[in-house]
Amino acid sequence: MLVALMLAAVTALLAGLEPAPASAWRHLYFVPVIVAAVRYGVAGGVLAGLGAVLLSGPFVLSEIEHAPSPRAVVDGCVSFAVLLAGGAVTGSLAARAARQRRRYEALLAAQRAVAEPAPLAIVLGRLRAVLENRLAADRLGLVAVDTHGVTVCGADRLDRASLAARVIESGEPAFLPDTGHERRACRVLVVPLTAGGVTVGALALERHSDIAREERDAVAGLAAALGLALENARLAARQRRFGDELERKVAEATKRLAEMDRLKSELVALASHELRTPLTAIQGFSELLATRSFSLPEVRRVADIMRAETERLGRIVADFLDIARLERGLPLALRVARLDPAPVIADAVEVFRRTRTSHRLELHLDGALPHIDADADALDRVLKNLISNALKYSPAGSCIHVRARSARGGVVVDVEDEGPGVAVDDLTRIFEPYYRAPSTARLERGTGLGLAVVKSLVEAHGGTIRAERAAGCGTRMTFVIPAVS
Amino acid sequence: MRPDVYALSAPDAIARRPLLEGTPSTLLGVLALAASSAWGLCAAEVLSAPLARAVAAGAAQGALMATAVGWTIESQERARPIWAAGAAIVALVGAIGAALSPLGAIAYLLAPLWFWRRRARLPALGLRSPYPARLTAIGVALGAVLGAHLTITASLTLGYRVGWPALLTLLPWLGYDLGANVLAAECFFRGALFDRAQRRWSFAAAAAVTTGTCLARYLADPLLPRTLEVAAGAAFYIGLLSVGNCWLYWRSGSVVPGLAAGVVFFIVYRLLHVVR
């Protein structure tokens with residue numbers, strides 16, 4: 001509007017000066033032309049120049065008509081040419097300066113967009129919103145490529161045969177004058193995003209107006225800076241991810257340490273109690289023997305009790321020693337020899353049958369068992385531990401089933417009770433050292449080491465052990481020791 | 001919903017059509033033969049001069065329209081030669097009709113009707129909706145400004161004066177401008193030539209090629225008075241009109257704004273009839 005008013009004012013002035021020589025005054029048209037060129041670039045400069053030519057035309061032609069001479073014609077033509085050229089050149093310089101400014105502004109805005117931590121897809125979305133406006137794009141797309149895959153913004157996916165895919169592969173910019181799919185011609189410019197000489201993505205710019213060579217070079221330069229900014233953002237994001245992961249792991253480890261600490265404290269209290277019970281019995285009976293006279297059968301009975309308590313004490317100490325070895329990463333000390341497991345199993349069951357008459361113990365040996373390479377004492381310990389547990393956690397009068405058979409390339413032994421059973425969630429955890437299932441811990445005292453030692457012993461023989469709920473009720477512990485091949 | 005970015009989502013397999021693909025060469029040969037035959041027959045005094053001029057002018061306009069149809073019709077269309085011939089025939093019928101009687105100039109309106117009925121098959125002309133209303137208004141303004149400037153400048157200088165023509169003199173010219181002159185120019189120079197050029201080169205290059213060709217067509221027109229100032233004026237105003245119409249087509253993808261600009265320019269030019 002300002003330019004139009006200025007053009008009109010100059011024209012009115014020239015019209016008022018008629019018929020005085022207007023040549024010098026025509027230079028006043030330069031003012032609106034320069035203003036338009038500075039404000040609106042080449043198009044503004046040329047249009048204002050053209051407007052000035054159209055408006056001054058009648059005056060120039062009138063001069064030529066009144067004084068027809070080559071000089072007047074040249075003067076008029078030079079006036080027109082200077083107005084048009086002045087508008088075009090000034091507009092071009094102004095446009096170049098504006099492009100430079102926009103480029104720096106775009107770079108700054110892009111850096112702000114990637115600076116804020118967010119997942120890559122969101123960062124690309126932000127960048128797209130910023131650049132679409134700054135680069136006057138009708139459509140703008142971004143692709144980021146890394147070892148995890150391709151992140152695309154501006155389309156559902158990256159077509160393998162697309163122009164952007166080709167640019168990412170070649171690392172060279174590509175320009176297409178028209179997509180050929182629209183009513184209006186649509187220019188396409190795709191430039192690689194690079195960081196440290198490596199192509200990390202691509203920027204695709206689509207516009208229904210021209211993308212001049214100079215602008216294409218500027219966009220390529222911008223893309224190089226964007227690639228670097230994007231890579232930095234990605235590295236920062238990765239660092240943050242590592243930091244978060246480390247923090248989570250430290251928190252988990254701290255929690256586990258606190259849990260271990262709590263369990264060990266409980267264990268110390270428990271162990272003191274577990275050790276004190278047999279010691280008290282041994283101490284009491286030994287004092288009785290020392291201070292009183294007993295008949296021979298009574299002495300034997302007291303001696304049996306003292307031996308049983310001593311054995312119990314020995315088992316507890318052995319469990320602690322084994323766990324201590326395992327925690328230090330040392331193997332269990334085994335004396336492996338080839339043996340027939342049937343007698344070992346039968347002896348273990350028989351010991352409990354004689355001493356624990358509150359339960360029924362049934363042994364099922366399904367056919368001949370193959371020989372195994374095992375430590376007989378360790379196998380005996382495994383069996384006694386499992387049977388002892390079954391007795392502890394099942395009601396009096398119930399039946400404990402011990403089954404042994406040849407299967408799965410080894411000897412499979414089941415110890416099944418008719419107790420309340422272990423909760424499903426605890427079936428795997430009961431083999432962890434110091435862990436006691438909440439449902440059974442309140443029924444019987446214990447160190448929480450027995451099953452951990454059993455598992456270590458079975459695995460030391462190359463076998464496996466698992467716990468499951470028995471059909472109906474109760475728990476079934478099954479271990480397998482490989483047969484001699 | 002925003003459309004996907006072409007460069008990401010579509011296979012890059014554009015087969016660019018040759019610049020002159022679809023040119024109805026045989027038909028152009030036939031039209032050239034018809035024009036030269038008419039002049040020959042006129043020289044031999046077999047055909048009257050006005051009729052010979054009408055055949056030649058109709059052949060020239062028909063050639064432009066036929067080429068525009070050949071270039072802009074959908075590529076898979078097999079009826080391309082027939083359609084091109086149809087466009088040439090309606091141009092010839094208009095010219096001959098106008099030559100036979102002043103009211104026969106109504107026959108010029110056959111060509112716009114013919115194009116209007118086939119607008120769906122000529123997508124590059126952009127004759128289908130949505131119509132660019134704003135750019136059409138700009139086209140009307142452009143045509144009015146240039147036409148007014150031409151007549152004012154001419155009336156103020158070089159001894160030309162502005163007059164009002166008689167209606168019977170004006171109507172054939174309006175029919176000619178509407179149904180032949182402007183229609184053929186816009187369909188060929190903008191809808192066909194500029195459309196193909198802008199899909200290969202920048203706007204400036206495409207507009208320069210189109211305007212150069214357009215100027216050549218008008219300067220070679222036998223109807224243009226052979227004086228320096230008229231030729232210079234024609235080059236200046238037709239050049240500006242052509243560049244303006246190229247810009248309008250570039251922005252809209254339709255010849256409608258250019259048609260509006262051209263028709264208004266020539267109406268103003270004819271209304272303010274310049275006499276010496």
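Chains as they are written, first to last, in my numbering: chain D, 1 to 485; chain Y, 1 to 276. Note that the Cβ used here is the ideal one computed from N, Cα and C, for glycine as well. For clarity, every value in this text was computed on a predicted model and none was experimentally measured.
Exercise for review: Can you say whether I455 (chain D) is buried or exposed, counting buried as having 16 or more other CB atoms within 10 angstroms of its CB?
Suggested key: In the sequence under discussion, the amino acid at residue 455 (chain D) is Lys, which differs from the Ile named in the question. With 16 or more Cβ atoms within 10 Å of its Cβ, K455 (chain D) is classed as buried.
Review point. Using 8 angstroms as the Cβ pair cut-off and three pairs as the minimum, do the region 92-100 of chain D and the region 74-82 of chain D touch?
Key: no
Exercise for review: Determine the burial state of A368 (chain D): buried for a count of at least 16 other Cβ atoms within 10 Å of its Cβ, exposed for fewer.
Suggested key: exposed
Point to revise | Any chain Y beta carbon closer than 8 angstroms to V143 (chain D) | key: yes
Check your understanding: Are the beta-carbon atoms of R356 (chain D) and L383 (chain D) separated by less than 8 angstroms?
Key -> no
Exercise for review: To the nearest angstrom, report how far apart Y393 (chain D) and F320 (chain D) are at their CA atoms.
Suggested key: 22 angstroms
Review point. Once you ignore the five residues that flank W312 (chain Y) on each side, which residues in its own chain have a CB closer than 7 angstroms to its CB?
Key: There is no way to answer for residue 312 (chain Y), as the model of chain Y reaches only from 1 to 276.
Check your understanding: Which runs of the alpha helix (DSSP H) spanning at least 4 residues fall entirely within the region 98-174 of chain Y, listed in chain order?
Key -> 110-117, 133-156
Point to revise | Span separating the alpha-carbon of L127 (chain D) from that of V114 (chain D) | key: 7 angstroms
Check your understanding: Going along chain Y, which residues have a C-beta under 9 angstroms from T478 (chain D)?
Key -> The contacting residues do not exist; T478 (chain D) stays about 58 angstroms from chain Y at best.
Check your understanding: Would you call the region 161-174 of chain Y and the region 236-248 of chain Y in contact, with 3 or more CB pairs under 8 angstroms?
Key -> no
Check your understanding: When you compare each of D:D366, D:C186, D:S293, D:L203 to T194 (chain D) by their alpha carbons, which one comes out closest?
Key -> D:L203
**Study point:** Any beta strand (DSSP E) of 3 or more consecutive residues that is wholly inside the region 143-190 of chain D
**Key:** 149-153, 174-176
Review point. Should V414 (chain D) and R403 (chain D) be called a contact, given that it needs their Cβ atoms to be closer than 8 angstroms?
Key: Reading off the sequence shown, one finds Asp at residue 414 (chain D), where the question assumed Val. Yes, they are a contact pair.
Review point. Within 8 angstroms (strictly less), CB to CB, does P532 (chain D) reach chain Y?
Key: There is simply no residue 532 (chain D) to check, as chain D begins at 1 and stops at 485 in what is shown.
Check your understanding: Does P257 (chain Y) have its Cβ less than 8 angstroms from a Cβ in chain D?
Key -> no
**Study point:** Host alpha helix (DSSP H) of G86 (chain D) (start-end)
**Key:** 70-115
Check your understanding: Could one say the Cβ of R161 (chain Y) lies closer than 8 angstroms to chain D's Cβ atoms, at least one of them?
Key -> no
Check your understanding: Hey, how far is the Cα of F236 (chain Y) from the Cα of A57 (chain Y)?
Key -> 23 angstroms
**Study point:** Cβ-Cβ separation, Y29 (chain D) to S56 (chain D) (assumed contact under 8 angstroms), whole Å
**Key:** 6 angstroms
Check your understanding: Going by the CB atoms, is the gap between D373 (chain D) and R338 (chain D) shorter than 8 angstroms?
Key -> yes
Check your understanding: Are there 16 or more other CB atoms within 10 angstroms of the CB of K340 (chain D), so buried, or fewer, so exposed?
Key -> For clarity, residue 340 (chain D) is Asp in the given sequence; the question names Lys instead. The residue is exposed, with fewer than 16 neighbouring Cβ atoms inside 10 Å.
Check your understanding: Is it buried or exposed for C153 (chain D), if we count other Cβ within 10 angstroms and need 16 for buried?
Key -> buried
Practice item. In the DSSP assignment, find the unbroken beta strand (DSSP E) run with C399 (chain D) in it and report its ends. Key: 399-407
Practice item. Return the residue from the list D:V422, D:V42, D:L17, D:A48 that minimises the CA-CA distance to M1 (chain D). Key: D:A48
Practice item. Output the residue ranges of the alpha helix (DSSP H) runs that lie fully inside the region 160-241 of chain Y and measure 4 residues or longer, sorted by chain position. Key: 167-176, 182-185, 195-198, 203-219
Exercise for review: From the DSSP output, read off the bridge partner residues of R315 (chain D).
Suggested key: In the DSSP output, where bridge partners are listed per residue, R315 (chain D) has none listed.
Check your understanding: If we cut at 8 angstroms on Cβ distances, does P524 (chain D) have a partner in chain Y?
Key -> Within the shown structure, residues of chain D are numbered from 1 to 485, placing residue 524 (chain D) beyond reach of any answer.
Point to revise | Short CB-CB distance (under 8 angstroms) between E214 (chain D) and chain Y | key: no
Review point. Are the beta-carbon atoms belonging to L235 (chain D) and I211 (chain D) less than 8 angstroms from one another?
Key: no
Check your understanding: How many angstroms separate the CA atom of A4 (chain D) from the CA atom of V10 (chain D)?
Key -> 10 angstroms
Check your understanding: In or out: M477 (chain D) buried (at least 16 other Cβ within 10 Å) or exposed?
Key -> buried
**Study point:** C-beta atoms of A99 (chain Y) and M65 (chain Y) nearer than 8 angstroms
**Key:** no
Review point. What do you get for I267 (chain Y), buried or exposed, if any count of 16 or more other CB atoms within 10 angstroms of its CB means buried?
Key: buried
Point to revise | Partners in chain D for W201 (chain Y), counting only beta-carbon separations shorter than 9 angstroms | key: P177
**Study point:** Of the listed residues D:P420, D:E65, D:S485, D:R353, nearest to A471 (chain D) (C-alpha basis)
**Key:** D:P420
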